[in-house]
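This report refers to the structure that appears directly beneath it.
In our numbering, the protein residues as written are 5 to 507.
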């Protein structure tokens, strides 16, 4: 069977993009300087590492799911997904840099890594058994290591099948066993790592739908990248057996999971808006107040545009239109991860500096809109959650309640005592109120609207350059793996089904 030749021109382009990305990443370290604690560098590194490591993971998950389900349509290009999934190992090394920074306190990505802040914060203290550097390190190394073990074993068996496969299909049966074991392990452990890597940046916030949301985003991005690579390879004369039928199925997945992502986006937002609990609404209020272009642009890129482009049946069969839609969606979900990470990391930095009385971040503090009224937000902060109820309001939003002094605090505790959490939660709620009084004095204004800052409010040139660098490095790795083995698994039992696939 034909082998992919990784040409010198392709190596130059992908390697050059990777070099540009490295330069942009290094430059982002010096742009903030000590004033910003190099937050732009660390957020860019985390953002792109998690995004591309996540694509590798989702490729392994999809590969395992289709294998377990006896699917045959994808077999022709399964080597592409095998190559994607092998990027888990480089991704693990890149996450190792984040871990080293965590232990050396070289970055302030996570509020829970500041021991002094945790001691003064009942919410962080309550979460500290899970949100700590030990769990973070263990989960990253062990869980990603386990994922890579399964991926490498399935890859080895797939290659061995090409040379040693027989009519008993013993290699394929072993692949199916590994895939079946991998799926539940991957499902549970990936949720835990999404909570650690991304959701815990907004350390006071939580959403039970977040892992689903982040995973759906990665699935769409992985599908889009698969489509673009297959179109490129087909244009170079490879994969002659892949027809419009295969692209039609991939296009349907691109469309369907985009709708599923939108369902999760809306459900997460609507449930939190309707529940109106301050500990939950702070995530969306911060983004609506300070990052409206990010918030609504995310929906435009990842739902509105692909919905209207891919709704027609024939657009999934036209290579030009499908490539454009895939490129748009791929960037859109990188943009989605940008808005998951950057606003929370910026707020964490402001809060931690306020907690420590740091004077080095004056630019951030002066950029606050201190008089932003609460009614400008889509959702208000409720008195049920003392830890964010007072933090979330500006002085103007409180009005006369701010002059009530201790009487207001007593009232607040009394309401918390009688809410739907039950009497057994009284002690916790009173502690949260106490936290709101003391902690809120330090940075109550930090939850007001933040001013524009390149690299946070919107991606800057350094962010775009870093993204292109990671993409170039990822493609260099994938093409290298593709060139190391036949593009098509000639002895896979479902190869004939894939060759004659039609919808």
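Virtual Cβ for every residue (Gly too), placed ideally from N, Cα, C. Model, not experiment: these values are computed from the prediction.
Check whether residue i and residue j have beta carbons under 9 Å apart
i           : j           : result
residue 198 : residue 172 : no
residue 48  : residue 461 : no
residue 265 : residue 295 : no
residue 313 : residue 329 : yes
residue 29  : residue 45  : yes
residue 272 : residue 342 : no
residue 483 : residue 94  : no
residue 60  : residue 98  : no
residue 144 : residue 102 : yes
residue 191 : residue 495 : no
residue 298 : residue 201 : no
residue 230 : residue 254 : yes
residue 43  : residue 349 : yes
residue 489 : residue 96  : no
Residues near residue i by beta carbon distance below 7 Å, same chain, minus five either side
i           : result
residue 122 : 116, 128, 129, 132
residue 82  : 67, 493
residue 381 : In this predicted model, residue 381 has a pLDDT of only 40, less than 50, meaning its place in the structure is not dependable; the value taken from the coordinates is given anyway. The answer, listed in chain order, is 289, 292, 293.
Spatial neighbours of residue i in its chain, beta-carbon cut-off 8 Å, leaving aside the 5 residues before and after
i           : result
residue 159 : 86, 89, 90
residue 193 : 143, 147, 150, 151
residue 6   : 242, 490, 491, 492
Assumed close pair residue i, residue j - CB separation to whole angstroms, cut-off 8 Å
i           : j           : result
residue 467 : residue 476 : Contact doesn't hold; Cβ gap of about 15 Å is too wide.
residue 41  : residue 109 : Contact flag wrong, Cβ pair sits at about 10 Å.
residue 486 : residue 18  : Their Cβ separation, rounded to whole angstroms, is 12 Å, which puts residue 486 and residue 18 out of contact at 8 Å.
residue 8   : residue 491 : 5 Å
residue 347 : residue 332 : With 8 Å as the limit, residue 347 and residue 332 do not qualify as a contact, their Cβ atoms being about 23 Å apart.
residue 140 : residue 106 : 6 Å
residue 114 : residue 204 : 6 Å
residue 474 : residue 25  : 6 Å
Residue i to residue j span [Cα, whole Å]
i           : j           : result
residue 155 : residue 456 : 42 Å
residue 227 : residue 118 : 38 Å
residue 509 : residue 161 : Since the first residue shown for the chain is 5 and the last is 507, residue 509 is missing from the structure and cannot be characterised.
residue 493 : residue 165 : 8 Å
residue 259 : residue 232 : 15 Å
residue 262 : residue 56  : 18 Å
residue 270 : residue 287 : 14 Å
residue 327 : residue 316 : 15 Å
residue 188 : residue 104 : 29 Å
residue 510 : residue 243 : No answer is possible for residue 510: the residues shown for the chain start at 5 and end at 507.
residue 52  : residue 274 : 28 Å
residue 125 : residue 234 : 50 Å
residue 20  : residue 267 : 38 Å
residue 153 : residue 120 : 38 Å
residue 177 : residue 31  : 49 Å
Neighbour flag for residue i against chain D, beta carbons, 9 Å
i           : result
residue 116 : The structure shown contains no chain D; it is built from a single protein chain.
Other residues of its chain near residue i: CB distance less than 6 Å, five sequence neighbours each side excluded
i           : result
residue 76  : 498, 501, 502
residue 157 : 182
The ligand FAD heavy atom lying under 8 Å from the CB of residue i
i           : result
residue 224 : Absent from the structure shown: the ligand FAD. Ligands present: none.
| said: Taking 8 Å as the cut-off, does the segment 317-332 touch the segment 246-253 (at least 3 CB pairs, one atom from each stretch)? | reply: yes
| Should the segment 219-233 be regarded as contacting the segment 49-66, the criterion being three or more beta carbon pairs within less than 8 Å? | Touching, yes, given that three or more Cβ pairs across the two stretches are closer than 8 Å.
| field | Meets three-Cβ-pair contact criterion under 8 Å: the segment 333-348 and the segment 292-308 | value | Per the Cβ contact rule, the segment 333-348 is in contact with the segment 292-308 (3 or more Cβ pairs under 8 Å).
| said: Assess contact between the segment 136-155 and the segment 236-244, defined as three or more Cβ pairs (one per stretch) separated by less than 8 Å. Is contact present? | reply: no
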